[in-house]
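Q: Below: one structure in C-alpha cells.
Number of protein chains: 4
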Amino acid sequence: MVTKPAKAAPDTARRSEKSRRAIYEAALALVGEVGYPRTTIEGIAARAGVGKQTIYRWWGSKADVLLEAFLDLGEQSAREAGASDQEPYAIPDTGDLAADIKAVLRATVDQLKDPRFEAPARALAAEGVVDEEAGRRFTSALMEPNIQLYVDRLRSAQEAGQVRPGIDPRIALEFFISPLAQRWLQYTGPISYDYTDTLVEYALYGLAPR
Amino acid sequence: MVTKPAKAAPDTARRSEKSRRAIYEAALALVGEVGYPRTTIEGIAARAGVGKQTIYRWWGSKADVLLEAFLDLGEQSAREAGASDQEPYAIPDTGDLAADIKAVLRATVDQLKDPRFEAPARALAAEGVVDEEAGRRFTSALMEPNIQLYVDRLRSAQEAGQVRPGIDPRIALEFFISPLAQRWLQYTGPISYDYTDTLVEYALYGLAPR
Amino acid sequence: MVTKPAKAAPDTARRSEKSRRAIYEAALALVGEVGYPRTTIEGIAARAGVGKQTIYRWWGSKADVLLEAFLDLGEQSAREAGASDQEPYAIPDTGDLAADIKAVLRATVDQLKDPRFEAPARALAAEGVVDEEAGRRFTSALMEPNIQLYVDRLRSAQEAGQVRPGIDPRIALEFFISPLAQRWLQYTGPISYDYTDTLVEYALYGLAPR
Amino acid sequence: MVTKPAKAAPDTARRSEKSRRAIYEAALALVGEVGYPRTTIEGIAARAGVGKQTIYRWWGSKADVLLEAFLDLGEQSAREAGASDQEPYAIPDTGDLAADIKAVLRATVDQLKDPRFEAPARALAAEGVVDEEAGRRFTSALMEPNIQLYVDRLRSAQEAGQVRPGIDPRIALEFFISPLAQRWLQYTGPISYDYTDTLVEYALYGLAPR
DNA sequence: GGATAACCGAGACGGTACGTCGTGTCTTATT
DNA sequence: AATAAGACACGACGTACCGTCTCGGTTATCC
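Residue numbers (full-length UniProt numbering), protein chains in the order written: chain P, 1 to 210; chain C, 1 to 210; chain A, 1 to 210; chain Z, 1 to 210.
Okay, structure coming up:
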C-alpha cells in the first residue's frame, strides 16, 4: 500500500515563523480594512511580504488562513490578559447564577462589538454557513470550548439546586447565547447589556425550580 | 438642467418575463448544484440562455438575484399550497400556545431540511453575515414577516393570560427561533422535532405566569 | 458526430482592430528591448493596455503573436516602400545575374543588421528550431516566398544560358542564402557586403557553363 | 584589501563525479523526452537525485548544463567509436576531395537524424540564436573544431591543385555545411545523401580550376 | 403600418485574482 | 566543504469571472 501521494506534506520543522506571523497580521488587517470578500490571498501575500506559494504551502484556503489567524489572535489576547495563566477561561461561580452569566454575556457583547474581532469572526461564520465542512471545523475550534463552559456552569447550578433537575444544560445554554448570536449574525435586532440582562432573566425564570 | 444622467432606469414595462423566470430557475439550480461561491453571474446567464447584460440591467449583484429568486420560490410554494389564498401565513391560534408553536417549529424544521430551500437560504444568510447592508435587506425581506407572526401570537397569548404581562414578545420569540437558527446556521447541534418540542417546553415554563 | 468542441472560435468580426495593432507594437517593442525570452505575454498585455485574455483569445502562444506582428511589420514596410505597388518584391533582372544577386544580398545584409528586424526575426527562428511545427509555419510564411524569388531568377538565368542546364535552382540558391543565414544565426562569421559578393562569385563560377 | 567576496568559487577537487554524470544523463534524457523549453533545472535535479544547488553551484544556466552534457555525450561516443584514440576526428584525405567530403557529409546527415543528438543539438542551437553570448560559446565549442577540419582538408586540396588558389577555404566550406545546416535548422528542405552529394558536386565544380 | 427606441442574445473587452510552476537564493542536516 | 532536500520571495503562466461595452435582431409601443 502506498498511503496516497496526496500532496507530500511540507516539512513543518523548517517553517518560517516570521512569515507565519506576518501572514496572520496581514490577513486580519485586510479583513478589517476591506472586508472578507475583498481580502485576497494575493493581497495577504503582498502585505505580508511573502510569496503566494508560502500561503498555499501551509493553508488550503483563505478561510483556513483566517481561522488560524483568528485563533492566534485569541491566544495572544489570552496570553496578554491572564498573565498568571491560572484558570485561563471560565465562567465565574459566585453562587449567583444570574449575575455570573450576565457578566459573561456582557463581555461577549463587548467582544462582538470590537472591530478587531468582528470582521474576521463574521468572515469565518459566513464561510461556515455555506461550507458545511468549514462550518463544523470553525464551530468545534471556536465555539465548542466556550459552550462547554456554559455546560459546566449550568451543571454546577443544577447541583446547587438553582436549576431544575430535568433540564439539559446543552439546550438550556442556547437560551443565553443563541438569541445574541442571531441578533449579531443576522442583524435581527440591537445588542446591548440591557438586552442580554433581560435574556438571562427571562430564561432563568423558566429554568429555576418553583 | 439635465435631470442627472445617472443610470437611466430601464423600462419595466418592456421587461422580458421569460428571461426573468429563466434567471430565477438557473440561479436556484446552480446554487443547489455547485453552491453559492461557485455560482457565477456568467453561469446563471449561460444556463438561463440570457445575455449577461440582462442580469446586470435588472439586478445589482449575485445576492440580489438570488434573493429575488428565493422570494419567488416562496411565493410559488405558497401559491401551490394555499390555493384559497386567504390568510396565507399565520401561526394557528387554537388556544394551546405550546401546541401551536410546536407545530410551526416542526414545519420550520422540515423546511430547513428541504434541499430546495436549504442551499439558497444558506447562501443568502452567509452573504448577509458579511455584508451588513445585504444582511439587513435579507432579514427584513425574509425574516421580519415571520417574526411578526410570532409577536402576534405571543401577544394574543399574553392577552389570554398564558404569558406573563411584563414579557416583551420581541425578545421572547427568540427563545423559539434563535436556538434553532443557530444550530442550523452554525452546525452547533442536530435539529429534530424532539429538539424543538423541548425548546418550547423549557421556554414556555419561563414565560408562563406562576 | 459532434465535430469536436475544440474551443469555440471567437467572432472575428467583432475583433478590436485597435487592440490588435497595440499588441503588435508592444510585442515588437518588447522583443527589441529586452529580448525574446524576457518578453512575456503579461508584459505585452500591460504595455498594449490590453487584458491578457485578449491575447489568449486570438493567439495560441507568444511565438504566434510575434509571427503575426512580424508579418504585419513586413507588410507595413512594403506598403511604405513600394507606394506604387507594382512589383512589390522581386529580384531585379538586368541580365547580369551576378550583379542582381549581389544587390539583393546586400539588401538582405542591411535587413539582418537592422535591429527592428533582428530581434523578432531571431526570436522566431529560435522558436522554429526547437518546435518543428512552429518552424515549418515560420519557414513557409517568412522564407518560402523569398526563396521562390531566387528560384525564378535562377530559372530565368538558366534560360538565358548563364547557368548550366542540369542545375536545380532549389539547391543552387542555397549557395547564396544558406551561408549568410548560418553566419547570422549561429555567429559563425562576420557579415558584410564583401562577404556576400564573394559568395556570389564563388558560387556562380560553379554554376556557370564552361 | 579583501580580494572581492564576489562568488567564492567552489572547490573543484571535492566535486561529486557521480552527481555530475547523473545531471548530464538527466538533462539529455529530459531534453529528448519533453523538449528544451519544458526541461527545467528542478526537473533535472529531481531526476538526477540531486539538490538544485548542486546544479547552480557548477553551472550558470540550463544552457550551460546542456552544453556540457552534450560535449560529454560527444566524447563518450568518440571514446566508444575510436577506441585507439589516435586521430580522433579528421576528414579523410584519399586524394579524392569530392569523395572525402561526401563521406563526411553523409556521416553528418546520419548524426543530424539521430534523435539522441538531435534534441539537445537543436536546443543549444535555439538558445544560441537568441542569446549572442551563448551562441558564440556554442559555436566555438561545438562547431569551430569541425570547421577547422574542413579548412585543413580544403587547404590540402588547394596544395594538390584541386581547388583554385584564390579561394578562401573559410568561405568555401560553407557551401558544404551551410545549406545542410539551414535545411536542418529551419526545415527549409529534406535532408538526404543524395542532397549532400549534389551539394558537393555543384560546389566543387565552382571551386575547381578550369 | 411604419418608425423607432427599448430590450434582448451574444460575446469581446480591460481588468483582477486564481492556483500552479519554475527561478535562483538561502538554510538545515548529512556525509 | 560539498551534498540532498526543500522553504523562501518572486514573477509568469493560462483560466475564470467581473462589470462595461458594442453589436445585430427582435418586440412593442407611439405616431
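No residue lacks a Cβ here, since even glycine has one placed at the ideal position from N, Cα and C. Here the structure is a predicted model, which means the values were calculated and not measured.
Please state if the CB of L67(P) and the CB of R47(P) are separated by a distance shorter than 9 angstroms.
A: No. Outside cutoff.
Q: Since T108(A) is in the alpha helix (DSSP H), which residue starts that stretch and which ends it?
A: Looking at the DSSP string, the run of the alpha helix (DSSP H) that includes T108(A) is 97-113.
Q: Span of the alpha helix (DSSP H) holding I91(C)?
A: Element bounds for I91(C): n/a, residue is neither H nor E.
Q: Just the chain A side, please: which residues come within less than 7 angstroms of R106(Z) by C-beta, in chain order?
A: Those do not exist, as R106(Z) stays about 17 angstroms from chain A at its closest Cβ, beyond 7 angstroms.
Q: Could you give the distance in angstroms between the alpha-carbon of G189(Z) and the alpha-carbon of D197(Z)?
A: Cα-Cα distance, rounded: 15 angstroms.
Q: Is G184(P) helix, strand or coil when you go by DSSP?
A: Looking at the sequence itself, residue 184(P) is Trp, so the reference to Gly does not match. Three-state result, W184(P): helix.
Q: Excluding sequence positions up to five away, which residues of its chain have a Cβ less than 6 angstroms from the Cβ of G43(P)?
A: The answer, listed in chain order, is L30.
Q: By Cβ distance, which residues of its chain are closer than 8 angstroms to W59(C), with the 5 residues on each side in sequence left out?
A: Taken in chain order, the residues that qualify are V65, E68.
Q: I want to see whether chain P comes within less than 9 angstroms of S84(C), judged by CB atoms only; does it?
A: With a pLDDT of 46 at S84(C), under the threshold of 50, the modelled position of that residue is not reliable, and the figure given next carries that caveat. Cβ-Cβ to chain P under 9 angstroms: no for S84(C).
Q: Does DSSP put P190(C) in a helix, a strand or coil?
A: Coil at P190(C), not helix or strand.
Q: Could you give the DSSP three-state label for P37(C): helix, strand or coil?
A: DSSP places P37(C) in coil when its eight states are reduced to three.
Q: Nearest-angstrom Cα distance between E159(C) and A22(P)?
A: Looking at the two C-alpha atoms, the distance is approximately 60 angstroms.
Q: Applying the 10 Å Cβ sphere with the 16-neighbour rule, what's the burial state of D131(Z)?
A: Buried, because 16 or more other Cβ atoms sit within 10 Å of the Cβ of D131(Z).
Q: With a cut-off of 8 angstroms on the beta carbons, I'd call P115(A) and G32(A) a contact; round off their distance for me.
A: Right, the Cβ-Cβ distance comes to about 6 angstroms (below 8 angstroms), so this counts as a contact.
Q: Give the list of continuous alpha helix (DSSP H) stretches no shorter than 4 residues that lie fully inside the stretch 120-168 of chain P.
A: You should have 132-138, 144-159.
Q: Report the start-end ranges of each beta strand (DSSP E) in the UniProt domain "HTH tetR-type" (17-77) of chain Z that is 3 residues or longer and not cut off at the edges.
A: The qualifying runs do not exist here; there are none.
Q: Using the beta-carbon count (16 or more within 10 Å), is Y36(Z) buried or exposed?
A: Buried, by the Cβ-count rule.
Q: Return the CA-CA distance between L28(A) and L112(A), expressed in angstroms with no decimal places.
A: Spanning the two alpha carbons is a distance of roughly 16 angstroms.
Q: Have a look at S19(P) and R57(P) and give me their C-alpha separation to the nearest angstrom.
A: If you take the alpha carbons of S19(P) and R57(P), they lie about 12 angstroms apart.
Q: When the Cα atoms are used, what is the spatial distance from S77(C) to G49(C)?
A: Taking the straight line from one Cα to the other gives about 25 angstroms.
Q: Let me confirm a value: Q182(A) is counted as buried when at least 16 other C-beta atoms fall within 10 Å, else exposed. Which label applies?
A: Q182(A) should be labelled buried.
Q: Can you say whether P88(Z) is buried or exposed, counting buried as having 16 or more other CB atoms within 10 angstroms of its CB?
A: Confidence in P88(Z) is poor, its pLDDT being 47 and thus under 50, which makes the residue's placement unreliable; the coordinate value appears in the next sentence. P88(Z) comes out exposed.
Q: Could you tell me if R122(A) is buried or exposed, where buried requires 16 or more neighbouring beta carbons within 10 angstroms of its beta carbon?
A: The residue is buried, with at least 16 neighbouring Cβ atoms inside 10 Å.
Q: Which chain P residues sit within Cβ distance under 9 angstroms of L199(C)?
A: Here the neighbours are I171, E174, F175.
Q: L204(A) by DSSP, collapsed to three states: which one?
A: In this structure, L204(A) counts as helix in the three-state DSSP scheme.
Q: Check the C-beta distance from residue 246(A) over to R106(A) and give it rounded, since I have them as a contact under 8 angstroms.
A: Chain A is shown from 1 up to 210; residue 246(A) falls before or after that span and cannot be answered.
Q: Take every Cβ of the stretch 153-173 of chain A, pair it with every Cβ of the stretch 95-105 of chain A, and state whether three or more of those distances are shorter than 8 angstroms.
A: Cβ pair count under 8 angstroms is three or more, so yes.
Q: Between the Cα of A119(A) and the Cα atoms of D11(A), Y202(A), R38(A), which residue gives the shortest distance?
A: Looking at the Cα atoms, R38(A) is the closest of the given residues.
Q: Could you check the C-alpha separation between P165(P) and Q53(P) for me, to the nearest Å?
A: Taking the straight line joining both Cα atoms gives about 55 angstroms.
Q: Return helix, strand or coil for R14(Z), following the three-state DSSP convention.
A: If DSSP states are grouped into helix, strand and coil, R14(Z) belongs with the helices.
Q: From the DSSP output, in three-state form, read off A9(A) for me.
A: Coil, per DSSP.
Q: Give a yes or no on whether 9 angstroms exceeds the smallest Cβ distance from F138(A) to chain Z.
A: Yes, its Cβ sits closer than 9 angstroms to a Cβ of chain Z.
Q: In three-state terms, what does DSSP make of L199(C)?
A: Note: L199(C) maps to helix in three-state DSSP.
Q: Using CA atoms only, rank isn't needed, just tell me which of L185(C), L173(C), Q186(C) is closest to V200(C).
A: Among L185(C), L173(C), Q186(C), the Cα nearest to that of V200(C) is on L173(C).
Q: For chain C, find out if any of its Cβ atoms is closer than 9 angstroms to the Cβ of A123(P); answer yes or no.
A: Taking Cβ atoms only, chain C reaches closer than 9 angstroms to A123(P), which makes this a yes.
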